[in-house]
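Residue numbers (our numbering): 51 to 220. Where is the CB? At the ideal position from N, CA and C, for every residue including glycine. Just so you know, these numbers come straight off a predicted model, no measurement behind them.
So, in structure tokens, the structure goes:
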């Protein structure tokens, strides 16, 4: 007589259930993270839009249009970090310092209009002069040669994306 014994049948069922458990775990992990690429792409798009908007502005409130001559101790002094402008409405932002402390939820376009496609996202911006390490690494002449513009986007899932850029005093 040919067939399976009870022990063989139980062992086969055990092996199949272990394999099914592994497959179920992998599928669950994939389903949990399937939207990561989407929120990351949207976060990069909104962070890039903010960076473009900010970096298109003048270096400093005291910088002339076109940036020449740059603010410096020998020409017009640059703003000090603790005295960055604030209180201006978004439509009047004309230099990178104006964006320091921006905290938008939902994100806004350059005209100050909400972006409905990013309604659940949050954007925080900070602007500061480069620290001593960055000044040394870039072989800069002075503490007012570069500002660091940092844009952090938080997705609806809580993921954070941070982009930093340098704005030169020229």
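- A direct Cα-to-Cα measurement between residue 140 and residue 79 gives close to 42 Å.
- In the DSSP assignment, the residues bridged to residue 153 are 174.
- Per the coordinates, the alpha-carbon of residue 73 lies some 21 Å from the alpha-carbon of residue 59.
- Runs of the beta strand (DSSP E) lying entirely within the stretch 63 to 91 and spanning at least 3 residues: none are present.
- Under the Cβ criterion (8 Å, minimum of three pairs), the stretch 85 to 96 counts as touching the stretch 207 to 220.
- One alpha carbon belongs to residue 125, the other to residue 148, and they sit about 22 Å apart.
- Distance from the CA atom of residue 112 to the CA atom of residue 217, rounded to whole angstroms, is 15 Å.
- Going by DSSP, residue 186 is part of the alpha helix (DSSP H) stretching over 182 to 187.
- By the Cβ neighbour-count rule, residue 182 is exposed, with fewer than 16 other Cβ atoms within 10 Å of its own.
- Looking only at 168, 64, 179 and 69, the smallest Cα-Cα distance to residue 88 is reached by 168.
- At the C-beta level, residue 173 and residue 154 come within 9 Å of one another.
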